[in-house]
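Undergrad: Before we start, here is the structure in question, set down as structure tokens.
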Amino acid sequence: MVKERAAIFIIFGGSGDLAHRKLYPSLFRLYKSGFLKDHFAVIGTARRPWSDDYFRETVVTSLKESFDDDEAIMKEFAQHFFYQSHDVNDSEHYIALKNLAAKLDDQFDAGHNRVYYMAIAPRFFGTVAEHINSEGLKAEGYNRLVIEKPFGRDLDSACELNGNISKAFPEDDIYRIDHYLGKEMIQAIPNIRAHNDKFEEALNSKYVSNIQVTLAEALGVEDRGGYYETAGVLRDMVQNHIMQIIGAVASDEPEATEAKVIHKNRTELFNSLKVLTPEEVDKDFVRGQYDTDELAENKAYRQEDNVAEDSQIETFTAGKIQFNSERWSGVPFYVRSGKRMPAKSSRIDIVFNEKVEELGIRPNTVVTLLIEKVDGHKVLINGIDYKDSKQDFIKLPDETKTDKAREAYESLIIDILAGNRIHFTLWDELRSTWKYIDAIRQRWDSQTADFPNYLSGTMGPDSAEMLLERDGNSWIWD
Ligand code: NAD
């Protein structure tokens with residue numbers, strides 16, 4: 000038995016969407032690959048009084064949506080699942096959980112390790128963490144707390160949440176999920192940088208004209224209007240995913256392999272974010288909200304379920320982020336994310352300037368890193384399938400050429416079990432990114448936006464184009 004892979008997973012919110020759509024399928028993949036074998040059990044908790052059998056049925060039903068394996072192996076996997084009804088405020092329920100976990104630990108020889116996974120509403124994170132500690136749930140092996148996003152809704156609430164969970168868990172045992180950090184392409188970026196001296200040499204203000212990060216979605220808010228009304232794209236995508244992508248591209252020492260060094264570099268980068276004044280927010284950030292499309296076939300955001308008729312929530316933003324660091328001073332990082340754009344696309348475009356010719360690179364070269372795997376398994380660079388790539392400017396290290404697609408959550412679970420915190424966000428990074436985002440949010444909250452201001456299926460409001468034109472630049476993905 001590999002000790003670290005043995006664990007009891009306690010999933011708070013075990014009947015929810017995240018658990019069924021992401022966590023159970025990822026655990027199942029790890030089971031099929033043999034990474035998880037005999038020595039693990041999953042306790043799902045939620046308010047409803049379910050039996051173990053019923054819980055297992057829900058797990059198998061959701062697996063059938065993603066896999067066409069034999070039902071027998073799904074049922075075999077589901078034998079590792081147990082259910083405990085649980086109210087987050089009831090101390091008795093934590094004692095019951097503790098006893099069940101101890102019993103299953105014996106039954107499965109699970110190494111006295113615990114993974115506590117918060118797949119519940121963020122307002123419960125602090126309460127649950129405190130009860131885990133005060134009711135003595137921690138076992139004698141490792142005890143790791145996994146926290147889903149969103150981590151706060153501004154700097155103050157993030158500080159409060161962090162205060163609560165850090166009373167119960169030391170920082171080293173806290174795994175804050177930003178599932179973009181689990182994506183293969185994001186993980187490959189430091190590797191690509193470390194293996195391509197010329198590319199790395201060119202990644203600074205001397206040679207880079209601008210960097211563009213686009214996370215575009217074709218869908219609207221679907222059935223998540225209620226949640227979205229409390230978030231908006233700035234909180235939902237920019238504060239976390241876009242910032243972490245920038246961290247992978249722009250922080251120092253990509254060859255570092257130690258989590259501490261990597262986090263130190265990312266923190267330094269985020270500490271050098273140029274926080275905007277209210278006037279700079281008006282100039283450097285634009286916001287939008289989708290209307291119906293030209294044929295009025297899609298709903299406007301304000302017509303979606305659980306969305307206010309006069310909602311001021313933005314479904315699109317584009318902005319110019321700048322850093323005060325020596326490496327990046329003067330280089331605009333244009334970021335953009337929105338719903339109901341023409342297509343789904345997650346990409347980084349690095350635009351080099353004329354001076355890059357000194358390094359033997361064609362001036363105005365654009366390096367495009369596509370963050371999503373294409374066709375489910377290929378990593379593309381410069382839009383070229385790596386297998387056919389003839390260009391010699393950047394080579395993909397062998398480790399990144401994998402046909403075996405790993406889901407973000409699958410790779411994050413492997414990291415959690417291994418105690419590897421590289422692909423999780425640390426409190427110091429969050430503090431700086433929230434501070435940056437708060438300045439924009441506060442300015443926007445003090446003004447009334449003229450929404451809706453872009454048609455579904457378009458690239459957002461015109462102001463997003465003007466933002467770059469003003470600097471003599473333009474979006475590469477257009
Ligand atoms: P959900 O509403 O589908 O599930 C919530 C779960 O919490 C359910 O199992 C519910 O029974 C349980 N619950 C609610 N109140 C409870 C209480 N008082 N005591 C005990 N259990 C209670 O939500 P979800 O979409 O699965 O999201 C869960 C968390 O994951 C949230 O923090 C969300 O922001 C985050 N998240 C979800 C997704 C996603 O794709 N669904 C993506 C990123 C982050």
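Numbering-wise (numbering that gives the first Met the number 0), the sequence shown opens with residue 0 and increments by one.
No residue lacks a Cβ here, since even glycine has one placed at the ideal position from N, Cα and C.
Just so we're clear, the structure is a prediction, and the values are computed from it rather than from any experiment.
(1) If the criterion is Cβ atoms closer than 8 Å, does the pair residue 236 and residue 214 meet it?
(2) Would you list the one or two residues that DSSP bridges to residue 204?
(3) Buried or exposed: residue 467, going by 16 or more other Cβ atoms within 10 Å of its Cβ?
(4) Cα separation between residue 5 and residue 144?
(5) Would the beta-carbon of residue 76 fall within 8 Å of that of residue 54?
(6) DSSP three-state label for residue 141, please.
(7) Thinking just about the alpha-carbon of each residue, which of 193, 334, 241 and 264 is nearest to the one in residue 251?
(8) Taking only three categories from DSSP, how would you classify residue 458?
(9) Check whether the Cβ of residue 20 lies closer than 7 Å to any heavy atom of the ligand NAD, and answer yes or no.
(10) Below 8 Å CB to CB, which residues in the same chain sit around residue 417 once its five sequence neighbours on both sides are set aside?
(11) Looking at residue 413: is its Cβ nearer than 8 Å to the Cβ of residue 185?
(12) Does the ligand NAD have even one heavy atom less than 7 Å from the beta-carbon of residue 47?
(13) Kindly examine the ligand NAD and report whether one of its heavy atoms sits closer than 7 Å to the Cβ of residue 41.
(14) Between the C-alpha atoms of residue 333 and residue 209, what's the straight-line distance to the nearest angstrom?
(15) Taking 7 Å as the line, does the beta carbon of residue 121 fall inside it for any heavy atom of the ligand NAD?
(16) What are the complete beta strand (DSSP E) segments, minimum 3 residues, inside the stretch 98-153?
(17) Exposed or buried, residue 120, counting other C-beta atoms within 10 Å across all chains shown (16 or more means buried)?
(18) Looking at residue 428 and residue 178, is the spacing between their C-beta atoms short of 8 Å?
(19) Check whether the Cβ atoms of residue 287 and residue 313 sit closer than 8 Å, and answer yes or no.
TA: In this structure, then:
(1) Yes.
(2) In the DSSP output, where bridge partners are listed per residue, residue 204 has none listed.
(3) Burial state of residue 467 is buried, judged by a 10 Å Cβ sphere holding 16 or more other Cβ atoms.
(4) Between residue 5 and residue 144, the C-alpha separation is close to 16 Å.
(5) The Cβ atoms of residue 76 and residue 54 lie no closer than 8 Å to each other.
(6) Of the three classes helix, strand and coil, the one that applies to residue 141 here is coil, per DSSP.
(7) Selected option, being the one with the closest Cα: 264.
(8) The answer is coil: DSSP assigns residue 458 none of H, G, I, E or B.
(9) Correct: residue 20 has its Cβ closer than 7 Å to the ligand NAD.
(10) Exclusion of the five residues before and after residue 417 leaves 3 as the residues of its chain whose Cβ lies within less than 8 Å of its Cβ.
(11) Not in contact: residue 413 and residue 185 (Cβ atoms no closer than 8 Å).
(12) The answer is yes for residue 47.
(13) The answer is no for residue 41.
(14) Our two residues, residue 333 and residue 209, have alpha carbons roughly 7 Å apart in a direct line.
(15) The answer is yes for residue 121.
(16) Contiguous beta strand (DSSP E) elements confined to the stretch 98-153 occur at 113-117 and 142-146, taking only those with 3 or more residues.
(17) Under this definition residue 120 is an exposed residue.
(18) Contact: no.
(19) Yes, Cβ-Cβ distance for residue 287 and residue 313 is below 8 Å.
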